[in-house]
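Undergrad: Numbering (UniProt numbering), first residue to last: 1 to 158. Beta carbons: idealized from backbone N, C-alpha and C, even for Gly. Mind looking over this structure? Questions follow.
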(Lines of atoms letter the chains of each structure in order from A; the text may use other names.)
(Lines give C-alpha, C1' and ligand atoms only; values in the text may rest on other atoms or scores of the structure.)
Protein backbone atom coordinates (compact mmCIF):
# COMPACT_ATOMS: atom_id res chain seq x y z
CA UNK A 1 0.00 0.00 0.00
CA UNK A 2 2.83 2.40 0.82
CA UNK A 3 4.42 1.79 -2.61
CA UNK A 4 1.17 2.67 -4.39
CA UNK A 5 0.87 5.91 -2.44
CA UNK A 6 4.50 6.86 -3.14
CA UNK A 7 3.99 6.18 -6.85
CA UNK A 8 0.84 8.31 -6.94
CA UNK A 9 2.61 11.19 -5.17
CA UNK A 10 5.58 10.97 -7.54
CA UNK A 11 3.40 10.92 -10.65
CA UNK A 12 1.45 13.97 -9.46
CA UNK A 13 4.74 15.85 -9.10
CA UNK A 14 5.77 15.24 -12.71
CA UNK A 15 5.82 18.52 -14.55
CA UNK A 16 3.66 18.79 -17.59
CA UNK A 17 5.35 19.97 -20.76
CA UNK A 18 4.56 23.59 -21.48
CA UNK A 19 2.24 24.32 -24.35
CA UNK A 20 3.88 25.42 -27.52
CA UNK A 21 2.65 28.65 -29.08
CA UNK A 22 2.89 28.50 -32.83
CA UNK A 23 3.80 31.50 -34.96
CA UNK A 24 1.53 31.91 -37.95
CA UNK A 25 3.26 32.93 -41.18
CA UNK A 26 1.02 34.11 -44.03
CA UNK A 27 2.12 33.85 -47.66
CA UNK A 28 0.42 35.57 -50.58
CA UNK A 29 0.35 33.90 -53.98
CA UNK A 30 -0.73 36.88 -56.04
CA UNK A 31 -1.42 35.27 -59.41
CA UNK A 32 -1.56 37.02 -62.78
CA UNK A 33 -2.46 34.33 -65.28
CA UNK A 34 0.31 31.73 -65.00
CA UNK A 35 2.65 34.09 -63.08
CA UNK A 36 3.22 34.65 -59.36
CA UNK A 37 4.58 37.81 -57.74
CA UNK A 38 7.84 37.48 -55.77
CA UNK A 39 9.98 39.93 -53.84
CA UNK A 40 13.75 39.73 -53.52
CA UNK A 41 14.81 39.87 -49.87
CA UNK A 42 17.43 42.29 -48.56
CA UNK A 43 18.66 43.54 -45.17
CA UNK A 44 16.62 40.96 -43.21
CA UNK A 45 19.40 38.69 -41.98
CA UNK A 46 17.56 35.65 -43.37
CA UNK A 47 18.03 34.43 -46.94
CA UNK A 48 18.89 37.90 -48.26
CA UNK A 49 19.07 37.83 -52.07
CA UNK A 50 16.53 35.02 -52.32
CA UNK A 51 13.12 35.45 -53.94
CA UNK A 52 10.11 34.93 -51.72
CA UNK A 53 6.37 35.42 -51.76
CA UNK A 54 4.98 38.50 -50.03
CA UNK A 55 4.57 37.25 -46.47
CA UNK A 56 4.10 38.32 -42.88
CA UNK A 57 2.97 37.24 -39.45
CA UNK A 58 -0.42 36.80 -37.89
CA UNK A 59 -0.95 39.34 -35.12
CA UNK A 60 -2.96 38.91 -31.92
CA UNK A 61 -6.75 39.15 -32.33
CA UNK A 62 -6.52 39.00 -36.13
CA UNK A 63 -8.03 36.44 -38.49
CA UNK A 64 -5.72 34.89 -41.09
CA UNK A 65 -7.73 36.54 -43.88
CA UNK A 66 -7.53 39.97 -42.21
CA UNK A 67 -3.78 39.45 -41.72
CA UNK A 68 -3.27 38.49 -45.37
CA UNK A 69 -5.21 41.55 -46.53
CA UNK A 70 -3.16 43.79 -44.20
CA UNK A 71 0.14 42.29 -45.38
CA UNK A 72 -0.87 42.72 -49.04
CA UNK A 73 -1.35 46.45 -48.49
CA UNK A 74 1.80 46.82 -46.35
CA UNK A 75 4.13 44.88 -48.65
CA UNK A 76 2.88 45.33 -52.20
CA UNK A 77 0.17 48.00 -52.00
CA UNK A 78 -2.79 45.99 -53.29
CA UNK A 79 -6.25 45.73 -51.80
CA UNK A 80 -7.86 42.31 -51.61
CA UNK A 81 -11.49 41.56 -50.82
CA UNK A 82 -11.98 38.77 -48.25
CA UNK A 83 -14.08 36.75 -50.70
CA UNK A 84 -11.14 36.71 -53.17
CA UNK A 85 -8.84 34.86 -50.75
CA UNK A 86 -8.56 31.13 -51.47
CA UNK A 87 -6.78 28.61 -49.25
CA UNK A 88 -3.76 26.99 -50.90
CA UNK A 89 -1.66 25.09 -48.39
CA UNK A 90 -0.61 24.78 -44.76
CA UNK A 91 2.90 23.70 -43.82
CA UNK A 92 4.18 22.85 -40.35
CA UNK A 93 7.71 24.19 -40.60
CA UNK A 94 10.38 23.27 -38.02
CA UNK A 95 11.93 26.77 -38.20
CA UNK A 96 12.17 28.60 -34.86
CA UNK A 97 10.81 25.62 -32.93
CA UNK A 98 7.77 25.16 -35.15
CA UNK A 99 5.78 27.57 -37.29
CA UNK A 100 2.57 27.22 -39.24
CA UNK A 101 3.03 28.60 -42.74
CA UNK A 102 -0.27 29.35 -44.46
CA UNK A 103 -0.37 29.93 -48.22
CA UNK A 104 -3.28 31.74 -49.85
CA UNK A 105 -4.10 32.19 -53.55
CA UNK A 106 -5.43 35.50 -54.87
CA UNK A 107 -6.33 36.12 -58.52
CA UNK A 108 -8.30 39.37 -58.11
CA UNK A 109 -7.18 42.57 -56.38
CA UNK A 110 -7.32 46.35 -56.69
CA UNK A 111 -4.21 48.40 -57.39
CA UNK A 112 -0.88 47.84 -59.05
CA UNK A 113 1.70 45.90 -57.04
CA UNK A 114 4.64 48.03 -56.02
CA UNK A 115 7.44 47.62 -53.49
CA UNK A 116 6.21 49.16 -50.22
CA UNK A 117 9.12 47.80 -48.15
CA UNK A 118 12.28 48.83 -50.06
CA UNK A 119 14.34 48.43 -46.87
CA UNK A 120 13.53 44.67 -46.84
CA UNK A 121 12.82 44.02 -50.53
CA UNK A 122 15.11 45.07 -53.39
CA UNK A 123 12.69 44.23 -56.22
CA UNK A 124 9.32 42.76 -57.15
CA UNK A 125 9.03 40.49 -60.16
CA UNK A 126 6.46 38.21 -61.76
CA UNK A 127 7.69 34.67 -62.45
CA UNK A 128 5.89 32.00 -64.49
CA UNK A 129 4.78 29.12 -62.26
CA UNK A 130 6.76 26.71 -64.44
CA UNK A 131 9.95 28.86 -64.31
CA UNK A 132 10.39 29.84 -60.68
CA UNK A 133 13.57 31.71 -59.68
CA UNK A 134 16.62 29.56 -58.98
CA UNK A 135 17.46 31.45 -55.78
CA UNK A 136 14.33 30.97 -53.72
CA UNK A 137 13.62 30.11 -50.08
CA UNK A 138 13.38 26.32 -50.03
CA UNK A 139 10.29 25.84 -47.86
CA UNK A 140 8.41 28.22 -50.15
CA UNK A 141 9.43 26.24 -53.26
CA UNK A 142 8.35 23.04 -51.49
CA UNK A 143 4.96 24.54 -50.62
CA UNK A 144 4.44 25.68 -54.23
CA UNK A 145 5.23 22.15 -55.41
CA UNK A 146 2.60 20.82 -52.99
CA UNK A 147 0.05 23.36 -54.20
CA UNK A 148 0.73 22.36 -57.82
CA UNK A 149 0.15 18.74 -56.78
CA UNK A 150 -3.13 19.61 -54.97
CA UNK A 151 -1.67 18.61 -51.59
CA UNK A 152 -3.09 20.90 -48.93
CA UNK A 153 -0.85 19.95 -46.00
CA UNK A 154 2.84 19.24 -45.49
CA UNK A 155 5.50 19.02 -42.80
CA UNK A 156 8.88 20.61 -43.52
CA UNK A 157 12.22 20.24 -41.76
CA UNK A 158 11.24 17.90 -38.94
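Can you give the beta carbon distance from residue 54 to residue 39, rounded, assuming they're within the 8 Å contact cut?
TA: 6 Å
Undergrad: Just to check my reading of the structure: residue 100 and residue 85 have Cβ atoms closer than 8 Å, yes? What is that Cβ distance to the nearest angstrom?
TA: In fact, because the Cβ distance is near 17 Å, the residues do not count as touching under 8 Å.
Undergrad: Report the partner residues of residue 128 according to the DSSP bridge assignment.
TA: 35
Undergrad: Given a cut-off of 7 Å, decide if residue 52 and residue 137 are closer than it, judged by their beta-carbon atoms.
TA: yes
Undergrad: Based on the DSSP output, what are the partners of residue 135 in its beta bridges?
TA: DSSP lists no partner for residue 135.
Undergrad: Within 10 angstroms of the Cβ of residue 43, are there 16 or more other Cβ atoms? Answer buried if so, exposed if not.
TA: exposed
Undergrad: Start and end of the beta strand (DSSP E) containing residue 55?
TA: It spans 55 to 57 - the beta strand (DSSP E) in which residue 55 sits, taken as one unbroken run.
Undergrad: How about residue 115 and residue 157: do their beta carbons lie closer than 7 Å?
TA: No; because the gap between Cβ atoms is not below 7 Å, this pair is not in contact.
Undergrad: Here's a check: name, in chain order, each residue in its chain whose Cβ is nearer than 8 Å to the Cβ of residue 142, leaving out the five neighbours to either side.
TA: Its chain contains 91, 154, 156 as the residues whose beta carbon lies nearer than 8 Å to that of residue 142, once the 5 sequence neighbours on both sides are disregarded; these appear in chain order.
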